[in-house]
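Asker: The structure that follows is given in the form of structure tokens.
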Amino acid sequence: MFPSDPLQAPLWAVLASLTHARRILEVGCGHGYTAAVMASAAGPDCRVDTIEEDPDHANLAEQSFERRGLSARIRVLRGRGQNVLPRLKGRYDIVFLDGDWREYPGYIPHLRRLARPGSIVVTANLNPLFGGWGGRLPGKPAIQSYLTRLVRDPHFRTYVVPGEWHSISVRV
Ligand SMILES: C[S@@+](CC[C@H](N)C(=O)[O-])C[C@H]1O[C@@H](n2cnc3c(N)ncnc32)[C@H](O)[C@@H]1O
Numbered sequence: 114m115f116p117s118d119p120l121q122a123p124l125w126a127v128l129a130s131l132t133h134a135r136r137i138l139e140v141g142c143g144h145g146y147t148a149a150v151m152a153s154a155a156g157p158d159c160r161v162d163t164i165e166e167d168p169d170h171a172n173l174a175e176q177s178f179e180r181r182g183l184s185a186r187i188r189v190l191r192g193r194g195q196n197v198l199p200r201l202k203g204r205y206d207i208v209f210l211d212g213d214w215r216e217y218p219g220y221i222p223h224l225r226r227l228a229r230p231g232s233i234v235v236t237a238n239l240n241p242l243f244g245g246w247g248g249r250l251p252g253k254p255a256i257q258s259y260l261t262r263l264v265r266d267p268h269f270r271t272y273v274v275p276g277e278w279h280s281i282s283v284r285v
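Just so you know, we're using the numbering used here here: the sequence shown kicks off at 114 and counts up by one.
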């Protein structure tokens, strides 16, 4: 389990300010590092929903939120993104995808539905598309399909961050 790079932490403060975030969604909670950073960056009026399929990771994340006094603002939704996303309603100001990238193509209709114009979608784990060690990971066709569809989708404007294996999209 690899948490996000701490150098990325200020990104969430920037995006929370840009979007006046009140609701944030993450797929791939891990041990809760990014969810806690996002909740703290966005301030006390913001709620974070974070999806996690591994029960041990979900338990550790909830314990961490409890210790940090963030339990009331962060909800761990247990299950795979592809099963949990269809059950979610309403609009999120920021969505962070940091789970199994092979599911990403199936997320696109939900991203459209769950984002409002001006919402930001950050997609991590694009590594298999690029060279080096990431190129040896499975799932390259899924990421190609996801990014191609996202870039062509009239509901989004998308930028692939050079060297960071992330993309940033805005819902239009
Ligand atoms: C890279 S870690 C997440 C790290 C976390 N976002 C952070 O930066 O602190 C990926 C997590 O996603 C979970 N995961 C992988 N595929 C998933 C899926 N399809 N749905 C939900 N969780 C998933 C894994 O169990 C793992 O805990």
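By construction, the Cβ of each residue, glycine as well, lies at the ideal position given by its N, Cα and C atoms. Because the structure is a prediction, the values reported are computed rather than measured.
#1: Find out if the Cβ-Cβ distance for the pair residue 214, residue 252 is shorter than 8 Å.
#2: Would you mind reading off the limits of the alpha helix (DSSP H) that contains residue 194?
#3: Count the C-beta pairs between the stretch 222 to 234 and the stretch 202 to 209 that are closer than 8 Å, then say yes if the count reaches three, no if not.
#4: How big is the Cα-Cα spacing for residue 191 and residue 201?
#5: In the DSSP output, which residue or residues are listed as bridge partners for residue 138?
#6: By the three-class DSSP mapping on this structure, what secondary structure does residue 228 have?
#7: Buried or exposed: where does residue 130 fall if 16 or more other Cβ atoms within 10 Å of its Cβ makes it buried?
#8: Rounding to the nearest angstrom, what Cα-Cα distance links residue 220 and residue 196 in this structure?
#9: Pick helix, strand or coil for residue 178, following the three-state DSSP scheme.
#10: Take the Cβ of residue 235 as the centre, count every other Cβ of all protein chains shown within 10 Å, and call the residue buried at 16 or more, exposed below.
#11: Since residue 142 and residue 174 should fall inside the 8 Å C-beta cutoff, what is the C-beta to C-beta distance between them, to a whole number of angstroms?
#12: For my contact list, residue 231 and residue 284 are in at a C-beta cut-off of 8 Å; report their separation, rounded to the angstrom.
#13: Please report the residue range of the beta strand (DSSP E) in which residue 280 lies.
#14: On the criterion of 16 or more Cβ atoms from any shown chain inside 10 Å, does residue 144 qualify as buried, or is it exposed?
#15: For a test of the three-state rule: what should DSSP assign to residue 188, helix, strand or coil?
#16: Quick one: residues in its chain with C-beta nearer than 7 Å to the C-beta of residue 170, no 5 flanking neighbours on either side, listed in chain order?
Answerer: For this structure:
#1: The criterion of a C-beta distance shorter than 8 Å is satisfied by residue 214 and residue 252.
#2: Here the alpha helix (DSSP H) through residue 194 covers 194 to 197.
#3: Note that the stretch 222 to 234 touches the stretch 202 to 209; at least 3 beta-carbon pairs, one per stretch, sit closer than 8 Å.
#4: Answer to the nearest angstrom: the Cα atoms are 13 Å apart.
#5: Residue 138 pairs with 162 and 208.
#6: Strand at residue 228.
#7: Result: exposed.
#8: Going by C-alpha positions, residue 220 is about 10 Å away from residue 196.
#9: Residue state, collapsed to three classes: helix.
#10: By the neighbour-count criterion, in which 16 or more other beta carbons inside 10 Å mark a residue as buried, residue 235 falls on the buried side.
#11: Beta-carbon to beta-carbon, residue 142 and residue 174 are separated by about 5 Å, close enough to satisfy the 8 Å threshold.
#12: So it is a contact: roughly 7 Å between Cβ atoms.
#13: Annotation: the continuous beta strand (DSSP E) that includes residue 280 extends over 279 to 284.
#14: Classified as buried, residue 144 has 16 or more neighbouring CB atoms from the shown chains inside 10 Å of its CB.
#15: Reduced to three states, the DSSP call for residue 188 is strand.
#16: Exclusion of the five residues before and after residue 170 leaves 114, 142, 143 and 144 as the residues of its chain whose Cβ lies within less than 7 Å of its Cβ.
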